[in-house]
Every structure is written in C-alpha cells, then in structure tokens.
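A quick write-up on the structure given underneath.
Protein chains: 2
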Amino acid sequence: MRILIVEDNKTLAGALKQGLEEERFAVDLAYDGEEGDYKARVNEYDVIVLDLMLPKVDGWTLLQRWRERGLTTHVLVLTARGSTEEKVQGLNLGADDYLAKPFQFEELLARIRALIRRKHQVKNPIIRIYDLEIDTAARRVKRGGKVIHLTPREYALLEFLAFHRGRVVTRPMIWEHLYDEEDESTSNVVDVYIRYLRQKIDKGFEPPLILTRWGEGYMLRGEEEAS
Amino acid sequence: MRILIVEDNKTLAGALKQGLEEERFAVDLAYDGEEGDYKARVNEYDVIVLDLMLPKVDGWTLLQRWRERGLTTHVLVLTARGSTEEKVQGLNLGADDYLAKPFQFEELLARIRALIRRKHQVKNPIIRIYDLEIDTAARRVKRGGKVIHLTPREYALLEFLAFHRGRVVTRPMIWEHLYDEEDESTSNVVDVYIRYLRQKIDKGFEPPLILTRWGEGYMLRGEEEAS
DNA sequence: GTCAAGCCATGCGGATTCTCATTGTCGAAG
DNA sequence: CTTCGACAATGAGAATCCGCATGGCTTGAC
Chain V
13 MRILIVEDNK
23 TLAGALKQGL
33 EEERFAVDLA
43 YDGEEGDYKA
53 RVNEYDVIVL
63 DLMLPKVDGW
73 TLLQRWRERG
83 LTTHVLVLTA
93 RGSTEEKVQG
103 LNLGADDYLA
113 KPFQFEELLA
123 RIRALIRRKH
133 QVKNPIIRIY
143 DLEIDTAARR
153 VKRGGKVIHL
163 TPREYALLEF
173 LAFHRGRVVT
183 RPMIWEHLYD
193 EEDESTSNVV
203 DVYIRYLRQK
213 IDKGFEPPLI
223 LTRWGEGYML
233 RGEEEAS
Chain F
13 MRILIVEDNK
23 TLAGALKQGL
33 EEERFAVDLA
43 YDGEEGDYKA
53 RVNEYDVIVL
63 DLMLPKVDGW
73 TLLQRWRERG
83 LTTHVLVLTA
93 RGSTEEKVQG
103 LNLGADDYLA
113 KPFQFEELLA
123 RIRALIRRKH
133 QVKNPIIRIY
143 DLEIDTAARR
153 VKRGGKVIHL
163 TPREYALLEF
173 LAFHRGRVVT
183 RPMIWEHLYD
193 EEDESTSNVV
203 DVYIRYLRQK
213 IDKGFEPPLI
223 LTRWGEGYML
233 RGEEEAS
C-alpha cells in the first residue's frame, strides 16, 4: 500500500515515514503544497495524509484542487488546531477523515488502514477465500484453520492480491503499491515473493489460490475459476 | 437518504433525529442492541450511527455481526470516551468513521454527508455477445459456459473487437492498437491472430462471431448481422 | 556473531509470438 | 460463366519472451 504524506514539519514527516515503513507501507514525502500536488498527480496512492498548514499552497486549496480534478484517492487531513469548524470545512471539501494534532501514531495507523479497507470496499476486516482467511485488522493469515506466518512483505503482497481478488494484477501494479518512488528496479522480486507466498499458502492445499496469468500478471482465485 | 441511529440515550437520539430530519434525512431510531440489529437487518440504510455503549447487545458485537453477515452499509461509531484504544478497535472492526462524544451536531452532519458521498458505482466488467462472455477484470473468456484460454495477444485482439462490436475494424486500426511501434510492417500477424481466435472461439460453435469484411477488415458480430 | 527477511542475477524450459511460403477465396471485368 | 488479380486463410517452424527455481549476497535486529 502506497501512501503520500504532505507535511512541512520534517521531523514529524520523517517519523511517520519510518513508522509506516516498519508496517511495510511504501511512503513518499512532500514538504510543501506544490510538491504534494505534483506527487499526487504523478503517482497513484492508496491514501494521502495531508497537513492543512503548508508552505506555498495550503492544504485546503490542495484538497479542493484534487477533488475538482476528480482525484478520488482517500485523504486523511491533519490539523494543528482541533476546532470543529476546521473539521467541518475539511470534510466538506472532500476529506475522507480527519485527525487533530497531537495524535497517537497507533490511531493514525488504524485510520489509514480503515481508509484502505474502505477504498477497496472491504467492509469486513476478515477476507475469506475458500479455506484461506485473512484478518486485515490483526494481519494474521490462516489456511485450513491453521495459522500461517508471513513476513511483512509477504503479507503486504497477499493483501494486495486479496483486495483485487478475481482480477488480474500486473507486476507493475504490484510494484507500484509495494515500493516507493526511490526504488527503481528491473529485478524479479515480485516473482520471488509470489513464490514465497505459494510455498506458504498453496503448497499442500487444493485448490491453488494464486494463479499465474501468463504474460499479464497474477490473480487470486475468485469465486469460480478454471485454472 | 435513510439513516438508522442506535443510541440508548433517548434525549440525544431524539435530538439527532429531529436535527437530521430538518436536513431532509429519513431517520429511524433503535434504543438497544437487539432493536438495532433487527432494524439493520430488515431495512436498508445509507448510514448507520452506532453508539458503542448499549443495553442488551453492545455496539462492538453488533458491528462485528453485521460485517460477518456481509452488511456493507457505512457505519459511524459514537462513543462516550475518547480513548485511542476504543477508536482503534472500532475502526478495525469495520467502522467507517468514528466520533467521540461530546460532539457538535454540525460535525456529525458533515461526517454523515461524507459517508454518503462515497457511493461507488460498480460498473459491470462483463461483455456478452451471444453465448460469448468476456470478463475484462479477470481477463477471462467463456463461450457456451466453458472457459477458453487465450494468450495475451489473442485476448487483446478479442477485447478490441468487442469494444467495436458491430463495426468494422481495419487492419491498420488493429495494428496500431496492438503494437506501439510504427513498423511499416508487411507481415500478416493480424490475420494469423484472427485465425487463432477463430479456432478457439468460433470453431464448433454457431453462429460464427468473427466476420471478415472483404477488402476492409474484420468485425465482431453485433445484434443482427448477415454473414 | 547469528538469524531471518529482503533482494538480485542467472539459466532453463515451455509458452507465445512472429515470419514466410503456400493454398484458398472473393468479386469484378470481359 | 470464366478468368484473373487481389486479398484472405493456413501450416509449420524459428525466434523470442516469460515464469519459475535456485543460490547467494546484503541488511538489520537481537
């Protein structure tokens, strides 16, 4: 999942980036409105965290621009003051959620995850596919009732596939959502992680859930697929 | 827009109902968990406002039940205390938004509107032509109910024809769509792929769907075509 | 150090794509 | 109706691409 943080306080921004990266989000930073606008236009994010008080172009303007342009990415607004007026205005301008500073990192994390679930229209935090069970809240995975340990990267990949179950996801799509802009590679990491996932999730089970679409990408088995 | 408020404090519930009705919402009330569960099951709401502290069945349980049952209605959670933990838990259980008491009515209104604004229309990604079925999301093709495996090129060609069904597409059109480069090609790849497609899609079926327009190009059968 | 996670480079084999020569078909002119 | 040139369909093999597996290197946590 890829996140953009638009925040001029570099200390805070850096801390958030680090915290989120430990949770295996791919995080890009923008330190002012212009930069934020640019990055939001160029890349596709799952969530944008937006501070309202910004140099050059403020958050309200940014948000308004984005919505006018038809950007539908979920935006979580941060603001220093906690006045109801600001909240109301933010929500009416098209913010999807609101968080007052100071806040606990845990809460930001929970809200970001809630927005991501909302984006993918996953209402129930538990996704079931055949006998596979993904608890997106606890980040725990079971198959056939047995808990399977996944590394953060593996989990991130599986979750991404799960959010798109029944649809083909291309390697570039996966790449874009698992890695931030600094990474640029021609490697086959994605293939490698698919392999890791298969070993843990599909090996010894029927039917296989991770399907290869030759020349296109991968797909998590939907309702009724012929392999 | 129809809203359900599950809240045991009758004074507060009544005030909210009145306020929301002035804003032209249709509002139902439930004073305990059982009633709330019943109403949520029987009626279809656009938004449910859910207090966590409830008689009989508490809000968490309710929310969890709903999500397990596959209810996708947006839920806004109210809670008396503002502890981060409660917020986090609520959001992780599948709440779409959260509001701590006490709150300003204006803010509740803004959040309800924000939730309602999020109406994603899921457009049907499946194209049907006679007994041919193209699932553009899964990139899967069936004819007569049976899955047909197509290579990426074959699929791309079929999809292109399908998007122009009933209209003639020329070879140059196909060429430009399938290949980036401006090769002044003298090859007949397009013809070859038409052949591959016919073998997989038309062979053994009636009527043939891929038609040749002599001297012009090809066409996917529309509603009523003479071959 | 030790261990696990993350990442990269390489090679193989099968799937796919493309080329090309040949055969088949259309349709207008005579 | 026949003929002829242009266009379309076919078949097979060569060239290319792609997924997968594997082993090893790097990094960071403890």
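Just so you know, the sequences run in chain order V and F. With this note's numbering applied, the first sequence covers 13 to 239. With this note's numbering applied, the second sequence covers 13 to 239. Yeah, the Cβ is synthetic: ideal placement off N, Cα and C, and Gly gets one too.
{"query": "Using a C-beta to C-beta distance shorter than 7 angstroms, which residues of chain F count as neighbours of Asn200/V?", "result": "Here the premise fails: no neighbours, minimum Cβ distance about 19 angstroms."}
{"query": "Using the beta-carbon of each residue, which ones in chain F are nearer than 8 angstroms to Pro137/V?", "result": "Arg79, Asn104, Leu105 and Gly106"}
{"query": "Indicate whether the contact test is met: 3 or more Cβ pairs, each with one atom in the segment 46 to 64 of chain V and one in the segment 74 to 86 of chain V, closer than 8 angstroms.", "result": "yes"}
{"query": "Can you find a C-beta in chain V that's less than 7 angstroms from the C-beta of Pro164/F?", "result": "yes"}
{"query": "Along the segment 142 to 155 of chain F, where does the CB come closer than 7 angstroms to a CB of chain V? Name the residues.", "result": "Ala149, Ala150 and Arg151"}
{"query": "At a threshold of 6 angstroms, does Gln211/V count as lining the ligand FMN (C-beta to nearest heavy atom)?", "result": "Inclusion of the ligand FMN in the displayed structure is not the case, the ligand content being empty and no account of it being possible."}
{"query": "For Glu34/V, which of helix, strand or coil comes out of DSSP?", "result": "helix"}
{"query": "Starting from the C-beta of Arg225/V, find all residues in its chain whose C-beta is less than 7 angstroms away, skip the five residues before and the five after it, and write them out in chain order.", "result": "Val180 and Met231"}
{"query": "Could you tell me the alpha carbon to alpha carbon distance between Gln133/F and Thr182/F, rounded to whole angstroms?", "result": "Any reading at Gln133/F is ruled out, since the residue's pLDDT is 39, under 50, leaving its predicted position unreliable."}
{"query": "Put Tyr57/F into one of helix, strand or coil per three-state DSSP.", "result": "coil"}
{"query": "How many angstroms separate the CA atom of Ile222/F from the CA atom of Val204/F?", "result": "13 angstroms"}
{"query": "Please report whether the beta-carbon of Glu228/V lies at a distance below 7 angstroms from any beta-carbon of chain F.", "result": "yes"}
{"query": "If the cut is a Cβ gap below 7 angstroms, which residues of chain F does Gly26/V touch?", "result": "What Gly26/V touches in chain F: nothing, since even the nearest Cβ is about 22 angstroms away."}
{"query": "Of all the options Arg36/F, Ser199/F, Leu16/F and Phe37/F, which has the alpha carbon lying nearest to the alpha carbon of Glu47/F?", "result": "Leu16/F"}
{"query": "When the Cα atoms are used, what is the spatial distance from Leu66/F to Arg140/F?", "result": "49 angstroms"}
{"query": "In chain order, what residues of the same chain lie with their CB nearer than 6 angstroms to the CB of Ile4/F, ignoring the 5 residues before and after it?", "result": "Any property of residue 4/F remains undetermined from this structure, which presents chain F solely from 13 to 239."}
{"query": "Where do the N-terminal and C-terminal ends of the beta strand (DSSP E) with His86/V fall, by residue?", "result": "His86 to Thr91"}
{"query": "Between the beta-carbon of Leu9/V and the beta-carbon of Val61/V, is there less than 7 angstroms?", "result": "The requested residue 9/V does not occur in the structure, where chain V is confined to residues 13 to 239."}
{"query": "Between which residues of its own chain and Pro137/V is the CB-CB distance below 6 angstroms, once the five residues before and five after are set aside?", "result": "Thr148 and Ala149"}
{"query": "Excluding five sequence neighbours on each side, which residues of the same chain lie with their C-beta closer than 7 angstroms to the C-beta of Gly234/V?", "result": "Arg177 and Gly178"}
{"query": "Whole angstroms are fine: how far does the CA of Arg14/V sit from the CA of Gly45/V?", "result": "19 angstroms"}
{"query": "Can you list the alpha helix (DSSP H) stretches of 4 or more residues lying completely in the segment 153 to 196 of chain F, in chain order?", "result": "164 to 175 and 183 to 190"}
{"query": "Per DSSP, Leu111/V forms a beta bridge with which residues?", "result": "Leu90/V"}
{"query": "Taking only the alpha-carbon atoms, compute the straight-line gap between Lys131/F and Ile124/F and give it to the nearest angstrom.", "result": "Residue placement at Lys131/F is flagged as unreliable, the pLDDT there being 46, under the threshold of 50; a coordinate-derived value is accordingly withheld."}
{"query": "Who are the near neighbours of Ala42/V in its chain, counting only those whose CB is closer than 6 angstroms to its CB and skipping five residues on each side?", "result": "Val18, Gly48 and Lys51"}
{"query": "According to DSSP, simplified to helix, strand and coil, what is Asp44/V?", "result": "coil"}
{"query": "Report the rounded CA-to-CA distance for Leu170/V versus Lys154/V, giving the unit in angstroms.", "result": "12 angstroms"}
{"query": "State the CB to CB distance for the pair Leu127/F and Asp143/F, rounded to an integer number of angstroms; the pair is presumed to be in contact (CB under 8 angstroms).", "result": "The pair is not a contact, with the Cβ atoms about 41 angstroms apart (cut-off 8 angstroms)."}
{"query": "Mind reading off the beta-carbon distance from Gly31/V to Phe117/V? Whole number of angstroms is fine, and I expect it under 8 angstroms.", "result": "5 angstroms"}
{"query": "Select from Phe172/F, Lys113/F and Val39/F the residue whose C-alpha is nearest the C-alpha of Leu190/F.", "result": "Phe172/F"}
{"query": "For Arg152/F, which residues in the same chain have their Cβ closer than 7 angstroms to its Cβ, ignoring the five residues on either side in sequence?", "result": "Val159"}
{"query": "So what does DSSP say about Gly26/V, is it helix, strand or coil?", "result": "helix"}
{"query": "So, with DSSP's three-state summary, where would you put Gly216/V?", "result": "coil"}
{"query": "Using the C-alpha atoms, what's the distance from Lys215/F back to Gly227/F?", "result": "23 angstroms"}
{"query": "On the DSSP bridge assignment, give the partners of Thr224/F in chain order.", "result": "Tyr230/F"}
{"query": "Any C-beta of chain F sitting closer than 7 angstroms to the C-beta of Gly71/V?", "result": "no"}
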